[in-house]
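Visitor: Sequence positions in the sequence shown follow this note's numbering and run 19 to 733.
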Amino acid sequence: MIYEGKAITVKEIEGGIAQLNFDLQGESVNKFNRLTIEELGAAADQLKAAKNIRGLVVTSSKDSFIVGADITEFTELFAGSEEDLVANNLKANEVFSAIEDLPFPTVTIINGMALGGGFEICLATDYRIMDPKAKVGLPEVKLGIFPGFGGTVRLSRLIGVDYAVEWIAAGGENRADKALKTGAVDAVVEGDKQLEAALSLINQCNEGKLDYLARREEKKGKIKLNAMESMMAFEISKAFVGAQAGKNYPAPVEAIKVMQKHAGLTRDKALEVEAKGFAKMAKTNVAACLVGLFLNDQELKKKAKDWEKEANDVKLAAVLGAGIMGGGVAYQSALKGTPIVMKDINQDGIELGLKEAKKLLTKRVGKGKMKPEQMADVLNSITPTLNYGDFKGVDLVVEAVVENPKVKDAVLRETEEHVRDDAILTSNTSTISIDLLAKNLKRPENFCGMHFFNPVHMMPLVEVIRGKKTSDRAIATTVAYAKAMGKTPIVVNDCPGFLVNRVLFPYFGGFIGLVRDGADFQKVDKVMEKFGWPMGPAYLLDVVGMDTGKHAGEVMADGFPDRMKHEGTTAIDVMFDNDRYGQKNDKGFYKYELDRKGKQKKVVDEETYKLLEPVVQSKNDFSDEDIIARMMIPLCLETVRCLEDNIVESPADADMGLVYGIGFPPFRGGALRYIDDMGVAEFVELADKFADLGPLYHPTEKLREMAKTGEKFFG
């Protein structure tokens, strides 16, 4: 044994060739934490000093190669000074460079995922052999940073500026065929032949058939572009990527600027430029928020895993009410491997549900994500029916009929008669209280909410809602089923609107108030989109549907009359009363026309302004800051109330629910992190400026207490 540690071992395998193997003890995956980097440095020293070593093969004992840096260490690391961050990166880079500079040829076998730092160590070796099923990439921009272990330096020299920009700025995971085509890897080889291929490469190097030193020098040298070519490549990239990423996500453009800066430098100087650029990004609030979201997501996954231990198996599911929503649920369940019965009361509903599933599957086939025979298998996993004959074997039912308590009550009671006593019943309600729906059920302990968001196949969140009588088994089984469907479940307690809609409607309340006080709804949309929302509130209401918005708003107003009841006629009422339901009938706040590709595009409609005249009480030209404050304060305060009322378990759950459920700008980290970043005292002070607008703008006593004591939601 040449070296033995807790993450890395090095041993001679045959004829003077060594194997450096990553196998981080006590973890299911390899990651670059402090320990791994220290051990890699020690292993490099031992290899350099070892006698008679003619080559090195780098491998992993885990299913993935290395998933990247240990992100749990980022919060503490990024809290340090820029100088400390630069020093930290340069120290890690000394280790990677020591591997690159070993006095013999080196090959990495990429057996699974090699991402971030995991791919950067692959780039430090002379050659890379990849498994056909593996994926490689540098996803750091998704955390508001860019590669810091030499990724921008080595990749731009290895595969050229254009490809390196694409890989680094998009942060995607790249399949073996693409990696081979771009030159990021040298060979794609099946598992059992990989070691043989690696040894063959090393032998060819030692026999002089391959010039590994020339390759190495190319990777350590300057980028081979003249001044004009360099300027063209980088300037065009910056303009294109800047337009794609937008001002709120600076890391992709900064990565290109860094590559441009070090293009004319050799490795060690180039690494210094990268380290400085990395430190600058690591100190941004965007990085803090995106790293925070990643850690929140990990916390959610851990909770879901804990629930899964108590769950019953769901081998067969059912959805009640076909249509678009039911069809979406059936598609998602069947696609991810859980067969499902789809029931409706008439054939038209069944046709609509199947049409939705077929449409989504055809799209997948068209994009090459699925073979036609796989599409047939998924469709065969959906059993359409008009009666309860197939329900005896069902483990879990999703009720997705119209959002009407009387209809839901009748359907749920009827279903309870036709399923096994241990089957779980769930309701895909967006606002109606689970306790209310459980009132007439014989087995309320087997009942909970399972709120999907539209469109089901795209929205990652599912709210699992616990009623007063819901058992842990019902929650656990529903969470496990949501996870099996590829969704992120958040467990919330029952109240009107649960978490997401309870928080969304005060935001709409802020919008209604702005229109009443004379704000131009188009300006409000533009300001909120610039703030980071995927769409402004008027456009969002058009997408949700004015009928849905009005109905849900009434449920919320009954639940929280002190702050969610609106006096007189609102802008939403006007749209609804004039049959302007939004995208579903091509007119709402905006008009909708088909573009050349047959997609709906929104068009300004002057008629809207005429219709809104009766509800506008004064004319005001609000500043962007005032629009943001009047929209965001109600949303943030309602999130605080959900936490205080124990509707959600933690600030992490609350913020993730908003990011996944309504597209809260990820670079702002969620509503509670937004308050933290502003400062709780400053937020309370801002809310007090708008106190005359009513209870939606009044901070809770507990929040005022936090402001006084300097407490934060995220320590």
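Each residue gets a CB set at the ideal place from its N, CA and C atoms; glycine is no exception.
State the CB to CB distance for the pair residue 446 and residue 482, rounded to an integer number of angstroms; the pair is presumed to be in contact (CB under 8 Å).
Guide: Not confirmed; about 11 Å, so no contact.
Visitor: Whole-angstrom Cβ separation of residue 328 and residue 491, contact assumed at under 8 Å?
Guide: At roughly 6 Å, the Cβ-Cβ gap stays under 8 Å, so residue 328 and residue 491 are in contact.
Visitor: Could you tell me which of 436, 430, 665, 703 sits nearest to residue 457, measuring between CA atoms?
Guide: Selected option, being the one with the closest Cα: 430.
Visitor: Write down the C-beta distance between residue 449 and residue 514 rounded to the nearest angstrom, noting that I regard them as a contact closer than 8 Å.
Guide: That belief holds up - the Cβ atoms of residue 449 and residue 514 are roughly 6 Å apart, short of 8 Å.
Visitor: Could you tell me which residues DSSP puts in a beta bridge with residue 403?
Guide: Paired residues: 361.
Visitor: Does the distance from the C-beta atom of residue 305 to that of residue 465 stay below 8 Å?
Guide: No, these two residues do not count as a Cβ contact at 8 Å.
Visitor: When we look at the beta-carbon of residue 451 and count the other beta-carbons within 10 Å, is it buried (16 or more) or exposed?
Guide: It counts as buried.
Visitor: Going by the beta-carbon positions, is the gap between residue 256 and residue 274 smaller than 8 Å?
Guide: Result yes, Cβ atoms of residue 256 and residue 274 sit closer than 8 Å.
Visitor: Within the same chain, show all residues whose beta-carbon is closer than 8 Å to that of residue 713, passing over the 5 residues directly before and after it, in chain order.
Guide: Answer for residue 713: 580, 581, listed in chain order.
Visitor: Taking residue 156 as the reference, give the member of 402, 113, 173 with the closest Cα.
Guide: Out of 402, 113, 173, 173 has the C-alpha closest to the C-alpha of residue 156.
Visitor: Cα separation between residue 674 and residue 308?
Guide: Rounded to whole angstroms, residue 674 to residue 308 spans 11 Å at the Cα level.
Visitor: Among 310, 585, 334, 677, which has the Cα closest to the Cα of residue 635?
Guide: Cα-wise, what sits closest to residue 635 is 585.
Visitor: Going by DSSP, what residues sit across from residue 605 in a beta bridge?
Guide: DSSP output for residue 605 lists 600, 609 as bridge partner(s).
Visitor: When the Cα of residue 725 is compared with those of 706, 710, 440, 701, which residue comes out closest?
Guide: Taking only the C-alpha atoms, the option nearest residue 725 is 701.
Visitor: Say whether the region 399–409 touches the region 357–377, bearing in mind that this needs 3 or more beta-carbon pairs closer than 8 Å, one atom from each stretch.
Guide: Touching, yes.
Visitor: Are the Cβ atoms of residue 378 and residue 475 separated by less than 8 Å?
Guide: Contact flag set, yes.
Visitor: Would residue 113 and residue 59 qualify as a contact pair, given that the criterion is a beta-carbon distance under 8 Å?
Guide: In contact: residue 113 and residue 59 (Cβ atoms closer than 8 Å).
Visitor: Quick check on the DSSP output: what are the complete alpha helix (DSSP H) runs of length 4 or more inside the region 518–551, in order along the chain?
Guide: Counting whole runs of 4 or more residues, the region 518–551 contains the alpha helix (DSSP H) stretches 518–534, 539–549.
Visitor: Per DSSP, which residues does residue 74 bridge with? Please list them.
Guide: Beta-bridge pairing links residue 74 to 36, 124.
Visitor: Report the option in 496, 488, 704 whose CA atom is closest to the CA atom of residue 480.
Guide: The shortest Cα separation from residue 480 among 496, 488, 704 belongs to 496.
Visitor: Am I right that residue 555 and residue 529 are in contact with their C-beta atoms under 8 Å? What's the rounded C-beta distance?
Guide: Yes, residue 555 and residue 529 are in contact; Cβ-Cβ is about 4 Å, under 8 Å.
Visitor: Considering only the alpha carbon of each residue, which of 665, 676, 633 lies closest to residue 653?
Guide: It is 676 whose Cα lies nearest to the Cα of residue 653.
Visitor: For residue 587, which of helix, strand or coil comes out of DSSP?
Guide: Note: residue 587 maps to coil in three-state DSSP.
Visitor: Please list, in chain order, all residues of the same chain as residue 266 whose beta carbon is under 8 Å from its beta carbon, the five residues on each side excluded.
Guide: Counting only Cβ-Cβ distances below 8 Å, and skipping sequence neighbours, we find 304, 550, 683, 685.
Visitor: At which residues does the beta strand (DSSP E) containing residue 470 begin and terminate?
Guide: 465–470 is the extent of the beta strand (DSSP E) around residue 470.
Visitor: Contact defined as beta carbons within less than 8 Å: I believe residue 300 pairs with residue 133. What is the distance between those atoms, to the nearest angstrom?
Guide: At roughly 18 Å, the Cβ-Cβ gap does not stay under 8 Å, so residue 300 and residue 133 are not in contact.
Visitor: DSSP three-state label for residue 338, please.
Guide: Note: residue 338 maps to strand in three-state DSSP.
Visitor: Are three or more beta carbon pairs between the region 517–525 and the region 342–355 nearer than 8 Å?
Guide: Result no; under three Cβ-Cβ pairs closer than 8 Å.
Visitor: Which stretch, first to last residue, makes up the alpha helix (DSSP H) that contains residue 482?
Guide: Segment 479–484 is the beta strand (DSSP E) holding residue 482; no alpha helix (DSSP H) there.
Visitor: Is the region 215–233 in contact with the region 144–162, if contact means three or more CB pairs nearer than 8 Å?
Guide: Segments in contact, yes.
Visitor: Could you tell me the distance, in whole angstroms, from the CA atom of residue 331 to the CA atom of residue 259?
Guide: Near 45 Å, if we compare the C-alpha coordinates of residue 259 and residue 331.
Visitor: Would the beta-carbon of residue 374 fall within 8 Å of that of residue 406?
Guide: Not a contact, by the Cβ cut-off of 8 Å.
Visitor: According to DSSP, simplified to helix, strand and coil, what is residue 508?
Guide: Three-state DSSP puts residue 508 in a strand.
Visitor: Return the residue from the list 234, 263, 383, 292 that minimises the CA-CA distance to residue 168.
Guide: When only C-alpha atoms are compared, the closest one is 292.
Visitor: In whole angstroms, what separates the C-alpha of residue 135 from that of residue 206?
Guide: C-alpha separation (whole angstroms): 21 Å.
Visitor: With burial defined as no fewer than 16 other Cβ atoms inside 10 Å of the residue's Cβ, what is the status of residue 278: buried or exposed?
Guide: It counts as buried.
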